[in-house]
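Residues in the sequence shown are numbered from 4 upward in steps of one, following the numbering used here. What follows is a short report on a single structure.
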Amino acid sequence: MCSGNSLLLNYGNWLFLSGWSIGRRALLCCVLLAHAVTAYADLDIQRAWVKLAPPGSSVNAAYMTLANTGNTRMVITQVKADCCSMTMLHRTRQQAGSVTMEHLDELVLPPHSRIELAPGGLHIMLMRMNAPLLLNHQVNLQLVLSDGQEYSLSIPVLREWSDAGDH
4 MCSGNSLLLN
14 YGNWLFLSGW
24 SIGRRALLCC
34 VLLAHAVTAY
44 ADLDIQRAWV
54 KLAPPGSSVN
64 AAYMTLANTG
74 NTRMVITQVK
84 ADCCSMTMLH
94 RTRQQAGSVT
104 MEHLDELVLP
114 PHSRIELAPG
124 GLHIMLMRMN
134 APLLLNHQVN
144 LQLVLSDGQE
154 YSLSIPVLRE
164 WSDAGDH
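Structural data, given as structure tokens:
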């Protein structure tokens, strides 16, 4: 009976020593790498920032423009942040003179679509802060897709997007 390690070694020997030319091995590696890179190349993130909260606030909000430039639907199911222990996707709704926030389980980006996360609309709530966020500090976020891929980004803490200058 083969152990997992010897099975992997045998598979590796079969793949790379069974008559595959160096050219074929290189082509296989390129195809596998291109597939990994392409998955992230389809998600374009612009104008990403975290709004500086008033002193004493225990929540912040992150905003950005997300564009799916690919031919398949992308679904963001989770957001992770290094500045807090809880994040949620939210939509602000105004109805009957009151403003409410609706929790979203996921954010769907159809092929060739763009979604704006902006004050008064869709946003990422950052809750249970580890420490107060300071102006111009960076927050590290990971957007987790339904297929398990994570897209990491570092975004500034600003009073308003206009404070970003040329970012």
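Using N, Cα and C, we set each Cβ at its ideal position, and we do this for glycine too. Since the model is a prediction, treat every value here as computed from it, not as a measurement.
Pull the bridge partners of residue i from the DSSP assignment, please.
i	result
R94	E105, L125
R117	A70
N139	In DSSP, N139 forms no bridge with anything.
C87	M132
A64	K54, M128
What residue from the options has the CA that sits closest to residue i's CA?
i	options	result
D45	H140, V62, M77, G59	M77
T75	L156, G59, S149	S149
H140	I79, G100, S61, C86	C86
Kindly give me the distance between the Cβ atoms of residue i and residue j, rounded to whole angstroms, as I take these residues to be in contact under 8 Å.
i	j	result
M89	R131	4 Å
L136	A84	At roughly 10 Å, the Cβ-Cβ gap does not stay under 8 Å, so L136 and A84 are not in contact.
L144	A65	7 Å
Does the Cβ of residue i lie closer than 6 Å to at least one heavy atom of the ligand ATP?
i	result
I158	You won't find the ligand ATP in this model; it holds no ligand whatsoever.
Is it a yes or a no for the region 104 to 121 touching the region 59 to 71, going by three-plus beta-carbon pairs under 8 Å? Result yes; three or more Cβ-Cβ pairs closer than 8 Å.
| query | Counting pairs of Cβ atoms below 8 Å between the region 157 to 165 and the region 50 to 58, do you hit three or more? | reply | Between the region 157 to 165 and the region 50 to 58 there are three or more C-beta pairs closer than 8 Å, enough to call the two in contact.
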